[in-house]
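Enquirer: Chains R and V supply the protein sequences, listed in that same order.
When we follow this note's numbering, the leftmost residue of the first sequence carries the number 70, and every step to the right adds one.
When we follow this note's numbering, the leftmost residue of the second sequence carries the number 8, and every step to the right adds one.
C-beta: ideal position from N, C-alpha, C; glycine also.
On a predicted model such as this, the values are computed, not experimentally measured, just so you know.
This is the structure I have questions about; it appears just below.
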Amino acid sequence: MRCLVVYASLNQVHRLKRHIYRGGLYVDMVRAPQCLGVRGCSFALACDPALLPAIRDASKELAIEIRGVFTESPDGYVSLR
Amino acid sequence: MTYLDNAATSWPKPPAVPAAMRGMIEHAGGNPGRSGHRLAMKAGETVYACRENLASLFGVSDPLRICFTSNATESLNLAIKGSLEPGDHVVFSAMEHNSVWRPLRELERCGVRISMVPAGANGIVHCDSIVSQLRRDTRLIVLIHASNVNGALNPVEEVGRIARDRNVRFLVDAAQTAGMVPIDVEAMKIDLLAFPGHKGLLGPQGTGGLYVHDSIRLQPLKHGGTGSDSDSPVQPEFAPDRYESGTLNTPGIAGLNEGVKYLLRHGVAEVQRRERALTERLLAGLAEIQHIHVYGPANAGERTGVISFNIEGRDPVVAADELDRTFDIACRAGLHCAWLAHRTQGTDQTGTVRFSLGALSTEQDVDAGLAAVRTLAQKGKR
Ligand SMILES: Cc1ncc(COP(=O)(O)O)c(C=O)c1O
Chain R
70 MRCLVVYASL
80 NQVHRLKRHI
90 YRGGLYVDMV
100 RAPQCLGVRG
110 CSFALACDPA
120 LLPAIRDASK
130 ELAIEIRGVF
140 TESPDGYVSL
150 R
Chain V
8 MTYLDNAATS
18 WPKPPAVPAA
28 MRGMIEHAGG
38 NPGRSGHRLA
48 MKAGETVYAC
58 RENLASLFGV
68 SDPLRICFTS
78 NATESLNLAI
88 KGSLEPGDHV
98 VFSAMEHNSV
108 WRPLRELERC
118 GVRISMVPAG
128 ANGIVHCDSI
138 VSQLRRDTRL
148 IVLIHASNVN
158 GALNPVEEVG
168 RIARDRNVRF
178 LVDAAQTAGM
188 VPIDVEAMKI
198 DLLAFPGHKG
208 LLGPQGTGGL
218 YVHDSIRLQP
228 LKHGGTGSDS
238 DSPVQPEFAP
248 DRYESGTLNT
258 PGIAGLNEGV
268 KYLLRHGVAE
278 VQRRERALTE
288 RLLAGLAEIQ
298 HIHVYGPANA
308 GERTGVISFN
318 IEGRDPVVAA
328 DELDRTFDIA
338 CRAGLHCAWL
348 AHRTQGTDQT
358 GTVRFSLGAL
368 STEQDVDAGL
378 AAVRTLAQKG
388 KR
């Protein structure tokens with residue numbers, strides 16, 4: 070099951086992805102599903118839940134606001150905060 | 008063709024530039040930041056890579072502070088109109104291009120107060136003259152890094168220090184230096200750096216950008232779709248989205264990315280060293296020809312490879328036309344969209360012939376230019 074960490078724009082997602090990659094971790098980028106309800110047309114980093122702390126740290130370090138964190142489940146998406 | 012018109016746009020480009028543009032259209036033709044499919048995501052990756060490469064070229068720590076535009080004119084308009092409100096005061100130099108002078112004159116009609124700082128006879132602007140024009144309500148200093156008329160290089164680092172000390176925003180027009188003269192926005196204390204993609208950065212026409220310091224929030228020039236915060240009626244607050252409404256010139260940016268990669272590989276300092284040697288060769292050659300008047304600093308260390316001259320008794324535009332048709336030499340004559348600078352050097356009535364070198368210029372280019380000018384000068388008045 071993946072986690073989705075949602076941000077406002079693709080530009081921010083790229084910056085984070087590259088930053089995290091330099092730290093030796095790989096995360097994917099996807100359009101955030103509309104049903105997450107986090108202010109239209111968002112993009113997200115998709116990752117294994119184990120990588121969530123690294124993503125949160127990177128977001129803090131680069132001062133990029135996280136708009137929502139979700140896990141995929143058979144019933145849909147569950148908000149983690 | 009001997010190409011000596013790099014100040015207008017650089018040519019030729021490194022072969023990777025057109026190849027990347029073609030590749031983008033054929034293999035990654037999606038719209039970055041909009042859709043989530045692979046073609047769009049691939050396009051987005053190239054756009055971001057270009058931001059990152061531009062950031063490392065200019066010493067910018069956050070690539071998201073690089074905003075794409077379609078040319079230096081748009082960047083300058085965004086920086087100037089986005090910074091100034093009625094009642095604000097702005098200081099600029101007598102060497103500025105029309106893309107600075109005209110927006111400022113337009114804003115003057117709306118209540119912005121403008122002060123022009125003179126330049127020395129060689130085109131260099133002195134810090135003291137800038138300091139003497141600063142007032143309590145000065146919001147912005149705009150300075151051309153190097154003249155597009157006579158190559159004169161301005162003391163950007165010193166002006167940056169003055170601006171930072173006085174808490175005045177500092178905008179540099181790097182149209183003639185980006186990719187040709189090392190620029191570090193942190194060290195030079197530049198708040199806003201406007202640059203074209205199609206000149207020294209070796210990208211295609213239709214590309215440009217603006218670096219915006221992270222403490223600065225400009226009013227956008229355009230409003231519209233950004234692919235972000237789409238449920239909001241107002242522009243996003245965050246860069247670059249705030250300033251990049253509408254679909255980007257993605258093929259152009261792919262080409263620009265290759266131009267910037269070329270410069271990162273070769274080093275801008277090395278490009279400048281090569282160009283300086285060619286400038287010295289061109290200046291020395293012109294000095295040996297009778298009936299030629301060369302403008303701008305005599306010392307290659309105080310200038311770039313943009314060299315304006317006149318051939319006694321010859322109209323510069325007619326001379327440039329003859330250089331093209333008879334000698335297969337491309338250059339630009341006239342006022343170079345910079346009447347102010349021509350007025351400063353006393354050529355506003357006549358204009359000049361301008362030879363301008365680039366990263367891919369060669370000694371053969373310089374020698375072909377010199378041989379043609381020698382022949383024209385010897386042929387006498389026309
Ligand atoms: C000094 C200077 N500023 C601004 C510009 C405008 O550049 P662009 O044609 O990319 O809008 C030019 C173009 O020649 C220039 O030389």
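Relative to chain A, which residues along the stretch 78–105 of chain R have a C-beta separation below 9 Å, given in chain order?
Expert: Protein chains R and V are contained in the structure displayed, whereas chain A is not.
Enquirer: Is the beta carbon of V/SER77 closer than 8 Å to that of V/THR214?
Expert: In the second sequence, the residue the question calls residue 214 of chain V occupies position 207. In the second sequence, the residue the question calls residue 77 of chain V occupies position 70. Yes, the Cβ-Cβ distance between V/THR214 and V/SER77 is below 8 Å.
Enquirer: Where V/THR254 and V/ASN129 are concerned, what is the direct C-alpha to C-alpha distance, given to the nearest angstrom?
Expert: As a first step, residue 254 of chain V is located in the second sequence; it is residue number 247 there, counting from the start. As a first step, residue 129 of chain V is located in the second sequence; it is residue number 122 there, counting from the start. About 42 Å.
Enquirer: Between V/ARG116, V/SER106, V/ASN105, which lies nearest to V/ASP95 when the distance is taken from Cα to Cα?
Expert: Numbered from 1 along the second sequence, position 88 holds the residue referred to as residue 95 of chain V. Cα-wise, what sits closest to V/ASP95 is V/ARG116.
Enquirer: Measuring straight from C-alpha to C-alpha, what distance separates R/CYS72 and V/GLU251?
Expert: Taking the first sequence and counting its residues from 1, the one referred to as residue 72 of chain R is at position 3. Taking the second sequence and counting its residues from 1, the one referred to as residue 251 of chain V is at position 244. Those two C-alpha atoms are separated by around 29 Å.
Enquirer: I'd like to know if V/MET48 contacts chain R, where contact means its C-beta is closer than 8 Å to some C-beta of that chain.
Expert: Counting from one through the second sequence, the residue named residue 48 of chain V turns up at place 41. So yes, V/MET48 belongs to the interface.
Enquirer: Is it buried or exposed for R/LEU149, if we count other Cβ within 10 angstroms and need 16 for buried?
Expert: Within the first sequence, numbered from 1, the residue matching residue 149 of chain R stands at position 80. Exposed.
Enquirer: CB-CB under 6 Å to V/SER122, same chain, minus the five flanking residues each way: which ones, in chain order?
Expert: As a first step, residue 122 of chain V must be located in the second sequence, where it is residue number 115. Excluding sequence neighbours, V/SER122 sits near VAL98, GLN140.
Enquirer: Can you say whether V/LEU271 is buried or exposed, counting buried as having 16 or more other CB atoms within 10 angstroms of its CB?
Expert: Translated into positions along the second sequence, residue 271 of chain V becomes position 264. It counts as exposed.
Enquirer: Which residue's Cα is closest to the Cα of R/PRO122: R/VAL96, R/ALA77, R/LEU79?
Expert: For this step, residue 122 of chain R is matched to residue 53 along the first sequence. Per the Cα distances, R/VAL96.
Enquirer: Using DSSP's beta-bridge definition, name the partner residues of V/GLY216.
Expert: By 1-based counting over the second sequence, the position of residue 216 of chain V is 209. Note: V/GLY216 sits in a beta bridge opposite V/PHE75, V/PHE202.
Enquirer: Between V/VAL192 and V/PHE65, how many whole angstroms is the CB-CB distance? I'm expecting something under 8 Å.
Expert: Position 185 of the second sequence, counted from the start, is the residue given in the question as residue 192 of chain V. Position 58 of the second sequence, counted from the start, is the residue given in the question as residue 65 of chain V. Indeed, because the Cβ distance is near 5 Å, the residues count as touching under 8 Å.
Enquirer: Residues bridged to V/ASN317 by DSSP?
Expert: Taking the first residue of the second sequence as position 1, residue 317 of chain V is located at position 310. In DSSP, V/ASN317 forms a bridge with V/HIS300.
Enquirer: How about V/SER239: is its C-beta nearer than 8 Å to some C-beta of chain R?
Expert: On the second sequence, residue 239 of chain V is found 232 positions in, with the first residue counted as 1. Yes - at least one Cβ of chain R is within 8 Å of the one on V/SER239.
Enquirer: Work out the CA separation of R/SER142 and V/HIS220 for me, nearest whole Å.
Expert: The residue you call residue 220 of chain V lines up with position 213 of the second sequence. The residue you call residue 142 of chain R lines up with position 73 of the first sequence. Approximately 42 Å, taken between the alpha carbons.
Enquirer: Given a threshold of 16 other Cβ atoms within 10 Å of its Cβ, counted over all protein chains shown, does V/ILE32 qualify as buried or as exposed?
Expert: In the second sequence, the residue the question calls residue 32 of chain V occupies position 25. V/ILE32 comes out exposed.
Enquirer: Of the residues V/CYS74, V/SER42, V/HIS349, which one's Cα is nearest the Cα of V/CYS57?
Expert: Against the second sequence, residue 57 of chain V aligns to sequence position 50. That would be V/CYS74, whose Cα lies nearest to the Cα of V/CYS57.
Enquirer: Which term fits V/MET8, buried or exposed, when burial requires 16 or more other beta carbons within 10 angstroms of its beta carbon?
Expert: On the second sequence, residue 8 of chain V is found 1 positions in, with the first residue counted as 1. Its Cβ having fewer than 16 others within 10 Å, V/MET8 is exposed.
Enquirer: Can you give the Cα-Cα distance for V/ASN105 and R/GLY137, rounded to whole angstroms?
Expert: Position 98 of the second sequence holds residue 105 of chain V. Position 68 of the first sequence holds residue 137 of chain R. Spanning the two alpha carbons is a distance of roughly 46 Å.
Enquirer: When you compare only the Cα positions, how much space is there between R/CYS110 and R/VAL75?
Expert: Residue 110 of chain R sits at position 41 when you count from the first residue of the first sequence. Residue 75 of chain R sits at position 6 when you count from the first residue of the first sequence. Rounded to whole angstroms, R/CYS110 to R/VAL75 spans 10 Å at the Cα level.
Enquirer: From this set, R/ALA127, R/GLN81, R/GLY106, R/LEU79, which residue's C-alpha is nearest R/ILE89's C-alpha?
Expert: Counting from 1 along the first sequence, the entry for residue 89 of chain R is found at position 20. When only C-alpha atoms are compared, the closest one is R/ALA127.
Enquirer: If you draw a straight line from the C-alpha of R/LEU94 to the C-alpha of R/VAL82, how long is it?
Expert: As a first step, residue 94 of chain R must be located in the first sequence, where it is residue number 25. As a first step, residue 82 of chain R must be located in the first sequence, where it is residue number 13. Whole-angstrom Cα-Cα distance: 14 Å.
Enquirer: Suppose the cutoff is 6 Å on Cβ atoms and the five residues either side in sequence are ignored; what does the same chain contact list for V/ALA375 look like?
Expert: By 1-based counting over the second sequence, the position of residue 375 of chain V is 368. Contacts found: THR9.
Enquirer: Taking CB distances under 8 Å as the criterion, tell me whether R/CYS110 reaches chain V.
Expert: Residue mapping note: residue 110 of chain R aligns to position 41 of the first sequence, counting from 1. Chain V contact via Cβ: present.
Enquirer: Along the stretch 261–286 of chain V, where does the CB come closer than 7 Å to a CB of chain R? Name the residues.
Expert: Listed by position along the chain: nothing, the set is empty.
Enquirer: Residues of chain R with CB under 9 Å from V/ASP236, in chain order?
Expert: Reading the second sequence from its first residue, position 229 is the one you call residue 236 of chain V. Chain R residues near V/ASP236: ALA77, SER78, ARG108, GLY109, CYS110, SER111.
Enquirer: What residues in the stretch 68–79 of chain V have a beta carbon less than 9 Å from any beta carbon of chain R?
Expert: Residues passing the 9 Å Cβ filter: ASP69, PRO70, LEU71.
Enquirer: Does DSSP classify V/PRO97 as helix, strand or coil?
Expert: One-based indexing of the second sequence puts residue 97 of chain V at position 90. It is worth fixing the name first, because residue 97 of chain V is Val in this sequence and not Pro. Residue state, collapsed to three classes: strand.
Enquirer: Can you give the Cα-Cα distance for V/ALA294 and V/THR311, rounded to whole angstroms?
Expert: On the second sequence, position 287 is the one that residue 294 of chain V refers to. On the second sequence, position 304 is the one that residue 311 of chain V refers to. Straight-line Cα distance between these residues: approximately 17 Å.
Enquirer: Specify the secondary structure class of R/LEU121 as computed by DSSP and reduced to three states.
Expert: Taking the first sequence and counting its residues from 1, the one referred to as residue 121 of chain R is at position 52. Helix at R/LEU121.
Enquirer: Counting C-beta neighbours from all protein chains within 10 Å, is the total for V/MET48 16 or more, i.e. buried, or is it exposed?
Expert: Locating residue 48 of chain V in the second sequence gives position 41, counting from the first residue. Counting Cβ neighbours within 10 Å, V/MET48 comes out buried, since at least 16 surround it.
Enquirer: Opposite R/PHE139 in the DSSP bridges: which residues?
Expert: Sequence index remark: in the first sequence, residue 139 of chain R carries index 70 (1-based). Its beta-bridge partners are R/LEU73, R/SER148.
Enquirer: What runs of the alpha helix (DSSP H), each 4 residues or longer, lie entirely inside the stretch 75–108 of chain R?
Expert: Counting whole runs of 4 or more residues, the stretch 75–108 of chain R contains the alpha helix (DSSP H) stretches 79–91.
Enquirer: Does the Cβ-Cβ distance between V/LEU208 and V/GLY232 come in under 8 Å?
Expert: Translated into the one-based positions of the second sequence, residue 208 of chain V becomes position 201. Translated into the one-based positions of the second sequence, residue 232 of chain V becomes position 225. No.
Enquirer: Check whether the stretch 256–266 of chain V touches the stretch 347–358 of chain V, counting contact only when three or more Cβ pairs, one atom from each stretch, lie closer than 8 Å.
Expert: No, the stretch 256–266 of chain V is not in contact with the stretch 347–358 of chain V.
Enquirer: Would V/GLU165 count as contacting chain R if we go by Cβ distances under 8 Å?
Expert: In the second sequence, counting from the first residue as 1, residue 165 of chain V sits at position 158. For V/GLU165, the answer is no, since every Cβ of chain R falls outside 8 Å of its Cβ.
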